[in-house]
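Student: Below you will find the structure I want to go over with you.
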Amino acid sequence: MDISKYEELKTLSKTFYNFMLKENLKANDKKAKRIKDCASYLDFYCDDTENYKKLAHGFFCHDRFCPICSNLKMRRDSFELLSCINVLKKDFNYQFLMITLTVKNVSSDILKDEIKKIKKSFKKFRELQSFKKMSKGYVCKLEVTFNKEVNSYHPHLHLICAVNNSYFNSRDYLSRDKILQMWRNSYKDQSITQVDIRKINTATIKDILEITSYAAKNADLFYSYDVFKVFYNSLRSVQILSYNSCFRDIRKKIRDKDINLLDYFDEKDFVIATKLLMYNYHDEKYQLDHIIDLKKTSLYLKKSYHYILKTVTD
């Protein structure tokens with residue numbers, strides 16, 4: 426991601442800071458200071474061309490509603506999910522489906538309860554024998570969008586499901602209409618008309634980003650303070666992203682470094698970092714403060730490189 430995008434997020438973080446002050450956060454609190462100083466400096470690994478960058482260090486507030494921190498989490502989650510998919514595809518020959526489970530739009534006063542109902546309904550959905558037979562594992566993300574024209578909120582779930590390679594020609598295959606009826610029954614609302622199901626193109630990052638993106642898009646979250654307050658009160662204690670079955674198992678192995686991810690990506694997918702670019706935030710801009718030539722460091726000479734994945738870069 427270009428440094429100018431970080432400048433946009435840093436500007437938006439000021440709106441977030443001001444909204445949090447309205448939420449009774451005191452300016453002299455430690456949390457307030459962390460939010461205000463979030464991303465005050467950023468260091469990036471990059472290749473010789475500087476076309477590919479990867480965040481190396483920085484100071485962050487780690488608040489889930491911070492536009493900077495949520496963007497960084499999205500990128501980490503994207504790389505982790507893409508890595509899981511590559512391992513499951515290569516070692517188990519799985520294919521992958523994107524399923525979206527929707528409900529009707531709701532007003533702000535019942536959004537929090539509606540989210541609880543959706544989660545409770547999905548627990549019933551995932552326990553259905555037909556879903557268990559279809560899915561070898563899944564990742565689930567809650568997303569809420571805001572419709573400013575009618576002042577309503579649309580909570581829904583995105584799933585990425587791993588299925589056997591033979592799934593589309595097997596007796597376990599579930600049509601869209603079948604999944605729709607399963608969701609209607611689980612949610613106890615026969616008036617639901619929309620679910621979406623499609624095969625994922627794992628050669629691109631697009632579908633991965635859809636499931637790892639923010640629980641609420643910045644354009645919705647920071648539309649106004651009143652809208653922000655609804656999102657904040659409805660989502661602040663809710664689990665947004667969950668891994669299950671084979672996805673959870675592979676993620677644990679990746680985190681424990683029991684899997685060498687370089688074995689699951691093509692060599693052309695990576696570049697080797699040769700520089701460290703160090704930026705400080707001054708006068709509404711990120712200014713390049715220092716450049717370190719990594720090729721002159723001991724780690725580089727020992728071939729302990731930092732690899733940058735081209736499809737998920739900062």
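So the sequence shown is numbered by my numbering: it starts at 426 and just counts up by one.
Virtual Cβ for every residue (Gly too), placed ideally from N, Cα, C.
1) Which stretch, first to last residue, makes up the alpha helix (DSSP H) that contains T436?
2) Which same chain residues, not among the five before or five after C671, have their C-beta less than 8 Å away from its C-beta?
3) Looking at the ligand ZN, does it come within less than 6 Å of S611, judged from the CB to the closest heavy atom?
4) Can you name, in chain order, every residue of its own chain whose Cβ lies under 7 Å from the Cβ of F444, other than the five neighbours on each side?
5) Could you name the residues of the same chain whose beta carbon sits closer than 8 Å to that of D462, not counting the 5 residues immediately before and after it, in chain order?
6) When the Cβ atoms of the segment 432-441 are set against those of the segment 713-733, are three or more pairs found closer than 8 Å?
7) What is the DSSP secondary structure of Y689, counted as helix, strand or coil?
8) What is the DSSP secondary structure of D708, reduced to helix, strand or coil?
9) Assign L507 to buried or exposed, taking buried as 16 or more other Cβ atoms, counted over all protein chains shown, within 10 Å of its Cβ.
10) For the putative contact between F441 and C491, defined by C-beta atoms under 8 Å, what is the C-beta separation to the nearest angstrom?
11) Can you give, in chain order, each stretch of the beta strand (DSSP E) that sits fully within the segment 517-593 and has at least 3 residues?
12) What residues are listed by DSSP as bridge partners for C471?
13) Taking just the CA atoms, how far does L713 sit from Y578?
14) Which one or two residues does DSSP pair with Y648 in a beta bridge?
15) Tell me the DSSP bridge mates of F504?
16) To which residues does DSSP link Y466 through a beta bridge?
17) Going by C-alpha to C-alpha distance, which of Y466, I679, E709 and K693 sits closest to V502?
18) Let me make sure I understand the geometry here. Which of F521, D597 and R661 has the alpha-carbon closest to that of I622?
19) Can you list, in chain order, the residues of its chain whose CB lies under 7 Å from that of I604, leaving out five sequence neighbours each side?
20) From N626 to D597, what does the alpha carbon distance come to, in whole angstroms?
21) May I have the straight-line CA-CA distance separating D427 from L480, to the nearest angstrom?
22) The alpha helix (DSSP H) that contains D674, what's its start and end?
23) Along the beta strand (DSSP E) that carries D694, what are the first and last residues, could you check?
24) Cβ atoms of D472 and M703: under 7 Å apart, would you say?
25) Taking CB distances under 7 Å as the criterion, tell me whether L634 reaches chain D.
Tutor: Taking the definition as stated:
1) Counting from 1 along the sequence shown, the entry for residue 436 is found at position 11. It spans I428 to K447 - the alpha helix (DSSP H) in which T436 sits, taken as one unbroken run.
2) Start at 1 with the first residue of the sequence shown, and residue 671 comes out as number 246. Here the set comprises L513, F517, Y519, K561, G562 and A587.
3) As for the ligand ZN, it is missing from this structure, which has no ligand bound.
4) Start at 1 with the first residue of the sequence shown, and residue 444 comes out as number 19. Taken in chain order, the residues that qualify are Y650 and F653.
5) By one-based count along the sequence shown, residue 462 stands at place 37. Closer than 8 Å at Cβ, skipping near neighbours: F484 and C486.
6) no
7) On the sequence shown, residue 689 is found 264 positions in, with the first residue counted as 1. Reduced to three states, the DSSP call for Y689 is helix.
8) Within the sequence shown, residue 708 is the residue found at index 283, counting from 1. Reduced to three states, the DSSP call for D708 is coil.
9) Sequence index remark: in the sequence shown, residue 507 carries index 82 (1-based). Under this definition L507 is a buried residue.
10) Working through the sequence shown from its first residue, we reach residue 441 at position 16. Working through the sequence shown from its first residue, we reach residue 491 at position 66. With 8 Å as the limit, F441 and C491 qualify as a contact, their Cβ atoms being about 6 Å apart.
11) 520-527, 562-572 and 577-588
12) Indexing the sequence shown from 1 puts residue 471 at position 46. Answer by DSSP bridge pairing, in chain order: K478 and K700.
13) Translated into positions along the sequence shown, residue 578 becomes position 153. Translated into positions along the sequence shown, residue 713 becomes position 288. So the two alpha carbons sit approximately 41 Å from each other.
14) As a first step, residue 648 is located in the sequence shown; it is residue number 223 there, counting from the start. Beta-bridge pairing links Y648 to no other residue.
15) Here the question's residue 504 lines up with position 79 in the sequence shown. According to DSSP, which records beta bridges pairwise, F504 is partnered with nothing at all.
16) As a working mapping, residue 466 is identified with position 41 in the sequence shown. Answer by DSSP bridge pairing, in chain order: N705.
17) What you label residue 502 is simply residue 77 of the sequence shown in a count that begins at 1. Val is not the amino acid found at residue 502; the sequence shown has Asp there. The shortest C-alpha separation from D502 is found at I679.
18) For this step, residue 622 is matched to residue 197 along the sequence shown. Measuring from the Cα of I622, the nearest candidate turns out to be F521.
19) Along the sequence shown, one-based indexing puts residue 604 at 179. For I604, where only same-chain residues beyond five positions count, the Cβ hits under 7 Å are I524, V620 and I622.
20) Along the sequence shown, read from residue 1 onward, the residue named residue 626 stands at position 201. Along the sequence shown, read from residue 1 onward, the residue named residue 597 stands at position 172. The straight-line gap from Cα to Cα measures roughly 21 Å.
21) Position 2 of the sequence shown, counted from the first residue, corresponds to residue 427. Position 55 of the sequence shown, counted from the first residue, corresponds to residue 480. In a straight line, the C-alpha of D427 is about 11 Å away from that of L480.
22) Start at 1 with the first residue of the sequence shown, and residue 674 comes out as number 249. Residues C671 to R680.
23) Taking the first residue of the sequence shown as 1, we reach residue 694 at position 269. Per DSSP, D694 belongs to no beta strand (DSSP E) and is neither H nor E.
24) In the sequence shown, counting from the first residue as 1, residue 703 sits at position 278. In the sequence shown, counting from the first residue as 1, residue 472 sits at position 47. No, Cβ-Cβ distance for M703 and D472 is not below 7 Å.
25) Looking for chain D here will not work: only one protein chain is present.
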